[in-house]
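Data first, discussion second: the structure below is written as structure tokens.
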Amino acid sequence: MKTSFHTIIIWSLLLSLLSCASNETYYEKHVRFPSDATAEQKIDMASRLVPSQEQLAWQQLEMTAFLHFGINTFTGREWGDGSEDPALFNPANLDAEQWVRSLKDGGFKLAIITAKHHDGFCLWPTATTRHSVASSPWRDGNGDVIKELKEACDKYGLKFGIYLSPWDQNADCYGDSDAYNDFFVQQLTELLSNYGEVHEVWFDGACGEGADGRKQTYDWARYYEVIHRLQPNAVTAIMGDDVRWVGNENGLGRECEWSATALVPGGYEHADSVNATLGISNTSHDIGSRELIYRANEIFWYPSEVDVSIRPGWFYHPEQDCRVKTLAQLVDIYYQSLNQNSVLLLNIPPNTDGLLCETDILRIKELNEYITRNFSNDLLGKFTPTSVKQGEELICQMSQPAYINSVTLQEDITKGQRVESFTVSVLTRDGNWQAIATGTTIGYKRMLRFPSIEASAIKLTINRSRNIANIERISAYNVAKP
Ligand code: FUL
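Letter by letter, the sequence shown follows residues 819 to 1300 of our numbering.
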């Protein structure tokens, strides 16, 4: 029996040497195919599409948190209509440090706050409207939730993001497109200029009617320009072109989750027509297969974010205190989001007191403890990043036979997302290889669960890959039931 961790590499050493020697071309974030590109060329180019530095840093955060807080917290609604009295906003014990400490204890690396939801009420004392905290009794109208949260994030080392709803049911100018775009840009400018670094800007695409049925046209290009100028390192999410909505609010990533996708980000002018021609949307099952790429003229590195609430609603409602997701539900979400090539954005809403609830705090702490307890002891041991060609196998010897029920795979996405189909097998006590899991995409991270089995070695077979697969990590665990 071998006692030291040892990785047996079949074929691949030679191949990785070759790929180091060849100066590969990579495309950052977006690539347009030449008009005469063959199907094969398109797939080759798709395999060399890579994230921007900001997208990579964002992906590595893995766990991020949403804070839905605003006038809805006090009216008990999920969507206000803009007619709410700012006097309702009075979170007597608001303590942003309590939010951030709790999120940190829960393992979250970034917090995104609803600076303004669809009702138009602003959590900072904006110069654009009186419909804000400045007109509320909270801190005698001198409070600023954004400032308090940002300071707490800085103090505890969390990154900070803002959700700013383009749809605004309070602003008089909403529906008068140019005037409202000026108004919105001013709000964005305040948020991106006055609070230090912002790491993520989150826009959804909701676009309700203005007064008298007026139709608002958002000037996405102008909004992007403001963000890139004022916060060049921020990623833009959902209607932005750095981070894609996974397509549901249930905490579920796709089985086949391509970060290199033919889906044109929603804020682009040609998005609707091209996506319609390709027959795809945010919620489509397939947004990155070969068949789709053959028909596309361009592709985007546009990775997925899984947004889901720890409670049934996005905002706090006392009657949902007993419906906080269980640890088992959160663990499922953990497997199906950041372990399926996405980033988790879990919403934990502050209550009317301006505090996170004890049940929610406890639950995210339990989740973090569960993750630490179960995923600290890698039973495979040291792994050397290795390149593997389609049809080839990578065999990793375990230091000693152990029961495992979970395997984590990672691709080196700085060289693109390439694996299209794989099989994981284990060498069992009787000396036979037994396939225990098959899958399609790996990407940044893919975690597999299967019934516990005793293994002395693990084999990854790359059944199909666009170009050589660069495997960054294989780990194995014996995970307890939550
Ligand atoms: C959506 C909103 O309509 C929901 O209220 C919630 O904020 C969700 C995260 O985004 O666009």
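Backbone N, C-alpha and C define an ideal beta-carbon position, used for all residues, glycine too.
Near the ligand FUL: residue i beta-carbon under 7 Å from a heavy atom
i	result
residue 886	yes
residue 896	yes
residue 783	Given that the chain is displayed from residue 819 to residue 1300, the structure contains no residue 783 and the question cannot be resolved.
residue 937	no
residue 1024	yes
residue 1059	no
residue 1125	yes
C-alpha distance - residue i paired with residue j, whole-angstrom precision
i	j	result
residue 1171	residue 950	18 Å
residue 1130	residue 1250	46 Å
residue 1024	residue 985	6 Å
residue 1264	residue 991	46 Å
residue 1112	residue 1084	21 Å
residue 1123	residue 1248	42 Å
residue 1281	residue 930	39 Å
residue 1080	residue 1046	23 Å
residue 944	residue 1005	7 Å
residue 1270	residue 1185	21 Å
residue 885	residue 912	13 Å
residue 1159	residue 1260	7 Å
residue 1132	residue 897	10 Å
residue 1007	residue 1211	52 Å
residue 870	residue 905	44 Å
residue 934	residue 1163	18 Å
residue 867	residue 1077	9 Å
residue 839	residue 1087	Confidence at residue 839 is low in this model, with a pLDDT of 45, below 50, so the placement of that residue is unreliable and no value is reported for it.
residue 1257	residue 1197	21 Å
residue 1093	residue 1120	14 Å
residue 956	residue 1027	31 Å
residue 1011	residue 1020	16 Å
residue 1294	residue 902	53 Å
residue 964	residue 941	6 Å
residue 1237	residue 1140	42 Å
residue 924	residue 1233	31 Å
Of the listed residues the options, nearest to residue i (C-alpha basis)
i	options	result
residue 1168	866, 908, 1060 and 861	908
residue 1058	983, 971 and 925	983
residue 1071	941, 1155, 863 and 890	1155
residue 1137	872, 893 and 1222	893
residue 1240	1267, 1051, 1226 and 1278	1278
residue 774	1179, 1125, 1258 and 1132	No answer is possible for residue 774: it lies beyond the span of the chain, which begins at 819 and ends at 1300.
residue 1215	1228, 1200 and 1109	1200
residue 1013	1038, 1029, 1065 and 970	970
residue 989	954, 1001, 1299 and 966	1001
residue 847	1106, 873, 918 and 881	873
residue 878	1297, 1229, 1276 and 1073	1229
residue 1033	1003, 987 and 1224	987
residue 1075	1300, 1209 and 1235	1235
Residue i - DSSP class collapsed to helix/strand/coil
i	result
residue 1149	helix
residue 1165	strand
residue 1106	coil
residue 774	Only positions 819 to 1300 of the chain appear in this structure, which leaves residue 774 out of reach.
residue 1050	coil
residue 1251	strand
residue 868	strand
residue 1008	helix
residue 839	Per-residue confidence for residue 839 stands at a pLDDT of 45, beneath the threshold of 50, marking its modelled position as unreliable; no derived number is given.
residue 998	helix
residue 1206	strand
residue 977	strand
residue 1175	coil
residue 1288	strand
residue 1244	strand
residue 1295	strand
residue 1304	No answer is possible for residue 1304: it lies beyond the span of the chain, which begins at 819 and ends at 1300.
Identified DSSP bridge partners for residue i
i	result
residue 1235	Bridge partners of residue 1235: none, in fact.
residue 1347	Given a span of 819 to 1300 for the chain in the structure shown, any question on residue 1347 remains unanswerable.
residue 1022	None; residue 1022 has no bridge partner.
residue 903	Beta-bridge pairing links residue 903 to no other residue.
residue 1264	1158 and 1227
residue 1140	Residue 1140 is not bridged to any residue.
residue 1063	1123
residue 848	1118
residue 1271	1222
residue 928	977
residue 1032	According to DSSP, which records beta bridges pairwise, residue 1032 is partnered with nothing at all.
residue 1282	1239
residue 1057	Bridge partners of residue 1057: none, in fact.
residue 884	930 and 1165
residue 982	934
Near the ligand NAD: residue i beta-carbon under 7 Å from a heavy atom
i	result
residue 1206	As far as ligands go, the structure on display features the ligand FUL and does not contain the ligand NAD.
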